[in-house]
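A.B. asks: For the sequence shown, the working numbering gives the first residue as 11, with consecutive numbering after it. Mind looking over this structure? Questions follow.
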Amino acid sequence: MVDEEIVVTKLRHINEYTNDLREMQGLPKKEYKSDVIIQRAVERTCMNLVQACIDIAKHIRAAEDLSQSGTSKQNIEALGNAGIISRETQKRLAEAVGFRNILAHRYGDVDHDIVYDVLHNDLRWFEQYQQELAQWFQQQ
């Protein structure tokens with residue numbers, strides 16, 4: 011059974027991280043790329059945001075017995091396969107897991123142009139994920 015407190019807390023975290031990132035939008039790319047403190051703040055908040063998405067997916071997957079334990083991407087995919095989130099949201103969040111891995115493990119150099127683009131163009135997918143999960147949860 012899905013634990014309401016866990017779901018609500020994780021949805022709140024997703025909302026908070028998304029709002030924090032929205033506050034960092036609008037900074038000119040040149041200024042963003044020259045400010046290592048802002049870069050680190052954006053990267054860390056992105057990592058926390060994606061991790062909150064993974065955590066809630068893992069909890070729902072386990073509680074609903076959707077599939078056996080797997081990777082972070084597989085936890086997201088399990089929600090899409092069960093119709094809890096849309097296929098497009100599933101795809102975007104699975105990509106976000108890869109993005110989080112690059113940021114967290116520093117596979118090569120982080121491309122600040124890509125991070126800047128994610129900040130300005132991809133937050134809607136996290137909001138969509140949050141909305142779809144909230145809608146599913148309310149129907150339970």
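Backbone N, C-alpha and C define an ideal beta-carbon position, used for all residues, glycine too. Since the model is a prediction, treat every value here as computed from it, not as a measurement.
When the Cα atoms are used, what is the spatial distance from residue 12 to residue 24?
C.D. replies: Numbered from its first residue, the sequence shown carries residue 12 at position 2. Numbered from its first residue, the sequence shown carries residue 24 at position 14. Between residue 12 and residue 24, the C-alpha separation is close to 18 Å.
A.B. asks: Cβ of residue 146 within 9 Å of Cβ of residue 106?
C.D. replies: Sequence index remark: in the sequence shown, residue 146 carries index 136 (1-based). Sequence index remark: in the sequence shown, residue 106 carries index 96 (1-based). No, Cβ-Cβ distance for residue 146 and residue 106 is not below 9 Å.
A.B. asks: So residue 89 and residue 100 are supposed to be a Cβ contact under 8 Å. How far apart are they, rounded?
C.D. replies: In the sequence shown, residue 89 corresponds to position 79, counting from 1. In the sequence shown, residue 100 corresponds to position 90, counting from 1. Their Cβ separation, rounded to whole angstroms, is 7 Å, which keeps residue 89 and residue 100 in contact under 8 Å.
A.B. asks: Could you tell me the distance, in whole angstroms, from the CA atom of residue 76 to the CA atom of residue 150?
C.D. replies: Position 66 of the sequence shown, counted from the start, is the residue given in the question as residue 76. Position 140 of the sequence shown, counted from the start, is the residue given in the question as residue 150. In a straight line, the C-alpha of residue 76 is about 15 Å away from that of residue 150.
A.B. asks: Taking 9 Å as the threshold (C-beta atoms), are residue 125 and residue 49 in contact?
C.D. replies: By 1-based counting over the sequence shown, the position of residue 49 is 39. By 1-based counting over the sequence shown, the position of residue 125 is 115. The answer is yes: Cβ separation under 9 Å.
A.B. asks: Does the distance from the CB of residue 31 to the CB of residue 55 come in under 9 Å?
C.D. replies: As a position in the sequence shown, residue 31 is number 21, starting the count at 1. As a position in the sequence shown, residue 55 is number 45, starting the count at 1. Result yes, Cβ atoms of residue 31 and residue 55 sit closer than 9 Å.
A.B. asks: Look at the alpha carbon of residue 33 and the alpha carbon of residue 66, and state the distance between them as a whole number of angstroms.
C.D. replies: Position 23 of the sequence shown, counting from 1, holds the residue named residue 33. Position 56 of the sequence shown, counting from 1, holds the residue named residue 66. If I take the Cα positions, the gap works out to 24 Å.
A.B. asks: Throw me the rounded Cβ distance for the residue 82 and residue 142 pair, which I believe falls under 8 Å.
C.D. replies: Within the sequence shown, the letter at position 72 stands for residue 82. Within the sequence shown, the letter at position 132 stands for residue 142. About 18 Å; that fails the 8 Å criterion.
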